[in-house]
Amino acid sequence: MNNLEQFIRENKGQFDDQRPNRSIWLEIEHNLDKSVENKKIFRLSFFKIAASVVLILSVGVLIGINYSASSKEMNYTISPEMKQYKETEAFYNTQVIRKLDQLTDPTIKRNVENDLKQLDEIYNELKSEMLNTQYANSSMMIDAMIQNHKTKVEILENILNKQNQIKNDTAIISM
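Residue numbers (the numbering used here): 1136 to 1310.
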């Protein structure tokens, strides 16, 4: 690379003997101006798109915050009856999960889960009916929903009792 640089420096005068035509420089300058304009237009459209995205996200966040705040207000205005129901529902759901875990036979467990799904469908119908009627006769609906949970637990208890009885009978026979 040093030899090339040295050669160019020594023979610089021989390279500068011709000048380009003025029209060539004007054409180059004209093309440079177009590319600068294109870049500006691209930058402007990019910033418009970015600003639109930021605006949409901001509106979404504000709506989400507003919705969250209104749902919190609704939670504070829940009747004492509903609060008690929520606690009862949590209790029964925990009982159902615990009793399902105690089932050892996979076939029985699958059948029980299918039966419980049917009860869940009934529960969801009751819940949607209660919400659609805006808590009209809510105590009656809540009682029916609690009874649904109790039924689930009773089914599981009966099956667990039979499972334990079969285990005990098998243990006695094998002695």
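Yeah, the Cβ is synthetic: ideal placement off N, Cα and C, and Gly gets one too.
I'd like to check one pair, residue j with residue i: are the Cβ atoms closer than 8 Å?
i: Val1231; j: Lys1287; result: yes
i: Lys1244; j: Leu1251; result: no
i: Val1247; j: Ile1277; result: no
i: Ser1263; j: Glu1216; result: no
i: Thr1239; j: Gln1300; result: no
i: Tyr1220; j: Lys1285; result: no
Residue i: buried (16+ other C-beta within 10 angstroms of its C-beta) or exposed?
i: Leu1197; result: exposed
i: Leu1167; result: exposed
Tell me the rounded alpha-carbon separation between residue i and residue j.
i: Arg1144; j: Asp1152; result: 14 Å
i: Glu1140; j: Val1189; result: 52 Å
i: Leu1161; j: Pro1155; result: 11 Å
i: Leu1266; j: Asn1259; result: 10 Å
i: Thr1223; j: Gln1282; result: 11 Å
i: Glu1256; j: Gly1199; result: 30 Å
i: Phe1150; j: Arg1157; result: 18 Å
With a threshold of 7 Å (Cβ to nearest heavy atom), would residue i be considered close to the ligand GDP?
i: Ile1290; result: In the structure shown, the ligand GDP is absent, as is every other ligand, since no ligand is present at all.
message: Within 8 Å, do at least three Cβ pairs link the segment 1251-1265 to the segment 1184-1194?
response: no
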